[in-house]
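K.L.:
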Amino acid sequence: MDWIARRLEVIEPSPTLAISAKAAELKKKGEDIVSFGAGEPDFETPTHIREAAKNAIDKGMTRYTAVSGTVELKDAILTKFKRDNGLEYTRNQVIVGTGGKQVIYNFFLATLNRGDEVIIPAPYWVSYADIVRLADGVPVLVSASKENEFRISPADLEKAISPKTKVLILNSPSNPTGSAYSRKELEALGEVVLKHKLLVMSDDIYERIVFDGFEFCNLAMISPELKELTFIVNGVSKAYSMTGWRIGYGVGPVEIVKNMDTIQSQSTSNPSSISQAAAEAALKGDQGCVLEMARAFQKRRDLIVRLLREIPGVEVNLPQGAFYVFPYLTGVYETQGFKKLSASSEEKSKSKLFCAHLLDKYKVAAVPGIAFGDDEALRLSYAMSENDIQKGVSRIAEMVRDFSR
Ligand SMILES: Cc1ncc(COP(=O)(O)O)c(C=O)c1O
Numbered sequence: 000m001d002w003i004a005r006r007l008e009v010i011e012p013s014p015t016l017a018i019s020a021k022a023a024e025l026k027k028k029g030e031d032i033v034s035f036g037a038g039e040p041d042f043e044t045p046t047h048i049r050e051a052a053k054n055a056i057d058k059g060m061t062r063y064t065a066v067s068g069t070v071e072l073k074d075a076i077l078t079k080f081k082r083d084n085g086l087e088y089t090r091n092q093v094i095v096g097t098g099g100k101q102v103i104y105n106f107f108l109a110t111l112n113r114g115d116e117v118i119i120p121a122p123y124w125v126s127y128a129d130i131v132r133l134a135d136g137v138p139v140l141v142s143a144s145k146e147n148e149f150r151i152s153p154a155d156l157e158k159a160i161s162p163k164t165k166v167l168i169l170n171s172p173s174n175p176t177g178s179a180y181s182r183k184e185l186e187a188l189g190e191v192v193l194k195h196k197l198l199v200m201s202d203d204i205y206e207r208i209v210f211d212g213f214e215f216c217n218l219a220m221i222s223p224e225l226k227e228l229t230f231i232v233n234g235v236s237k238a239y240s241m242t243g244w245r246i247g248y249g250v251g252p253v254e255i256v257k258n259m260d261t262i263q264s265q266s267t268s269n270p271s272s273i274s275q276a277a278a279e280a281a282l283k284g285d286q287g288c289v290l291e292m293a294r295a296f297q298k299r300r301d302l303i304v305r306l307l308r309e310i311p312g313v314e315v316n317l318p319q320g321a322f323y324v325f326p327y328l329t330g331v332y333e334t335q336g337f338k339k340l341s342a343s344s345e346e347k348s349k350s351k352l353f354c355a356h357l358l359d360k361y362k363v364a365a366v367p368g369i370a371f372g373d374d375e376a377l378r379l380s381y382a383m384s385e386n387d388i389q390k391g392v393s394r395i396a397e398m399v400r401d402f403s404r
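Heads up: the sequence shown begins at 0 in numbering that gives the first Met the number 0, then just goes up one per residue.
(1) Between L185 and the rest of its own chain, which residues show a CB-CB distance below 6 Å, the 5 nearest in sequence each way excluded?
(2) Looking only at its own chain, which residues have a Cβ that is under 7 Å from the Cβ of A382, when we skip the five neighbours before and after it?
(3) By Cβ distance below 6 Å, which residues in the same chain neighbour G243 in space, the five residues on each side in sequence not counted?
(4) Tell me which same chain residues have a C-beta within less than 7 Å of the C-beta of A128, skipping the five on either side of it?
(5) Should T89 be labelled buried (16 or more other beta-carbon atoms within 10 Å of its own) or exposed?
(6) How many angstroms separate the CA atom of P45 from the CA atom of A280?
(7) Work out the CA separation of L111 and E309 for me, nearest whole Å.
(8) Going by CA-CA distance only, name the one from V366, N386, P12 that's closest to L328.
(9) May I ask whether a heavy atom of ligand 1 can be found less than 8 Å away from the beta carbon of L2?
(10) Please state the DSSP three-state secondary structure of E214.
(11) Only counting the same chain, and skipping five residues up and downstream in sequence, which positions put a Cβ closer than 7 Å to that of V315?
(12) Pop quiz: I255 and F230 are said to be a contact at Cβ under 8 Å. What is the actual Cβ separation, rounded to whole angstroms?
(13) Say yes only if the C-beta of K237 is nearer than 8 Å to one or more non-hydrogen atoms of ligand 1, and no if none qualify.
(14) List the whole-angstrom C-beta distance separating V199 from L167, where the pair is believed to meet the contact cut-off of C-beta under 8 Å.
(15) I'd like to check one pair, A187 with F213: are the Cβ atoms closer than 9 Å?
(16) Return the bridge partner residues of Y406 from the DSSP annotation.
(17) Quick check on the burial criterion: 16 or more other C-beta atoms within 10 angstroms. Buried or exposed for L7?
(18) Return the CA-CA distance between M259 and S144, expressed in angstroms with no decimal places.
(19) Using the Cα positions of S142 and A55, report the straight-line distance between them to the nearest angstrom.
(20) Using only the heavy atoms of ligand 1, determine whether one of them is closer than 8 Å to the beta carbon of I204.
(21) If I follow the unbroken alpha helix (DSSP H) through N54, where does it start and stop?
(22) Any chance the CB of I103 is under 8 Å from a heavy atom of ligand 1?
(23) Need the endpoints of the beta strand (DSSP E) that G29 sits in, please.
(24) Can you name the start and end residues of the beta strand (DSSP E) that G96 belongs to?
(25) Does the Cβ-Cβ distance between L357 and I388 come in under 9 Å?
(26) So, for P153: in the same chain, excluding its five sequence neighbours on each side, which residues have a beta-carbon less than 7 Å away from its beta-carbon?
(27) Assess contact between the segment 19 to 36 and the segment 348 to 364, defined as three or more Cβ pairs (one per stretch) separated by less than 8 Å. Is contact present?
(28) Let me confirm a value: L290 is counted as buried when at least 16 other C-beta atoms fall within 10 Å, else exposed. Which label applies?
(29) Given this structure, state the Cα-to-Cα distance separating I48 from R300, to the nearest angstrom.
(30) Taking the straight line between their C-alpha atoms, what separation do you get for D135 and K163?
(31) Give a yes or no on whether the C-beta atoms belonging to V93 and L77 are separated by under 9 Å.
(32) In the DSSP assignment, the alpha helix (DSSP H) including I273 goes from what residue to what residue?
(33) Under the three-state reduction of DSSP, which class applies to K226: helix, strand or coil?
(34) Can you grab the Cα-Cα spacing for the pair D57 / A51, in whole Å?
(35) Near D373, what residues of its chain come up, given a Cβ to Cβ distance below 6 Å and the 5 sequence neighbours on each side ignored?
(36) Run through DSSP, which three-state label would D374 get?
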């Protein structure tokens, strides 16, 4: 039976979710797995946010809401943009969705025609390219080299633009590398964006997790002209440790928001009313919990980067934000042991082979770099205790030692 639609031929299940699921399954079977796979904070959702959700249930906020979110949450989002970014929007420029992921998905469904090109700096978050393909667009990958700390230059951007280019995706701080663009770098990219009148999808989901006093900036904050061309995606998942609550939001041009609303009205309707009340409390409440979590992530970043740099053949960048590192394994791929493993395997992707062996023999889950567009690397999420970081990295070191014997 030919039941499955052709559009499924161009996409794959999210590899990060698949690896997290596999690690969870092995753990459930009693195996001592250290999982660097999951892209979610390990903290409890702060108490005042959980209380707000309980109150919402008790007060009967259990009905459908407006498709694009409650007025109260939209106002909290408007306040957030004013407070954190100095940006003013109106209610009809805001849409709330079931996670940032749905907002991104609906943004591309609302903006792309068949064949429209979307520029994606690589390494990139796994879902961008597949969402673009599902929306009939064409992902155009622009390599952001590790020498340039995974940031594209204005010249890189200029080279990738064609008459079919419609959207540029910027994700800062980035998943998977943790790199972030400074205001100055964004100003330079902004000139190219203005020259070609590109529409920009700025994925700011890791905005609040930044280190060493890094000052977050996005393109809309550079100038009113760039603000007109920018659609910002953000959410409560990462900043407030609320991944399961599924609330994301977007702000931008009224026309785009209106059409995203139409799409949402014919698919999922409003996101959970209870989660919306919780997100409102998160955005309006004391922001101390966010800073506390960011401080813990910075300590863990320092630890994991230091430990990984002690492993021969591994090269690591110093992330400015998010909770991922993207170590390069080029030196490890050169070892006799890895070459032997590679020769005995059908697997063509080195990073997939490395990760499969790591999970199978050393009980550590990590995501192959190829999932993010770079087979030389590995993505490790350090949203875990310092003990687990130590345990997991020492197992990676053991595997590399065994390869070198
Ligand atoms: C770069 C990036 N954007 C968006 C999302 C979506 O997050 P959520 O749907 O939980 O809001 C994620 C989650 O992993 C992400 O890493």
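Glycine included, each C-beta is placed from N, C-alpha and C at the ideal position.
P.N.:
Straight from the coordinates:
(1) C216, L218, I221
(2) A37, E39, P40, D41, F322
(3) none
(4) I119, P138
(5) exposed
(6) 10 Å
(7) 46 Å
(8) V366
(9) The question names Leu, but residue 2 is Trp in the sequence shown. Answer for W2: no, Cβ out of range of ligand 1.
(10) coil
(11) V304, L307, R308, V324, P326
(12) 6 Å
(13) yes
(14) 5 Å
(15) no
(16) An answer regarding residue 406 cannot be provided, because it is not within the stretch 0 to 404 covered by the chain.
(17) exposed
(18) 34 Å
(19) 46 Å
(20) yes
(21) 46 to 57
(22) yes
(23) Where G29 is concerned, there is no enclosing beta strand (DSSP E), given that its DSSP letter is neither H nor E.
(24) 93 to 96
(25) no
(26) A187, L188, E190, V191
(27) yes
(28) exposed
(29) 26 Å
(30) 13 Å
(31) yes
(32) 272 to 283
(33) helix
(34) 10 Å
(35) P122
(36) coil
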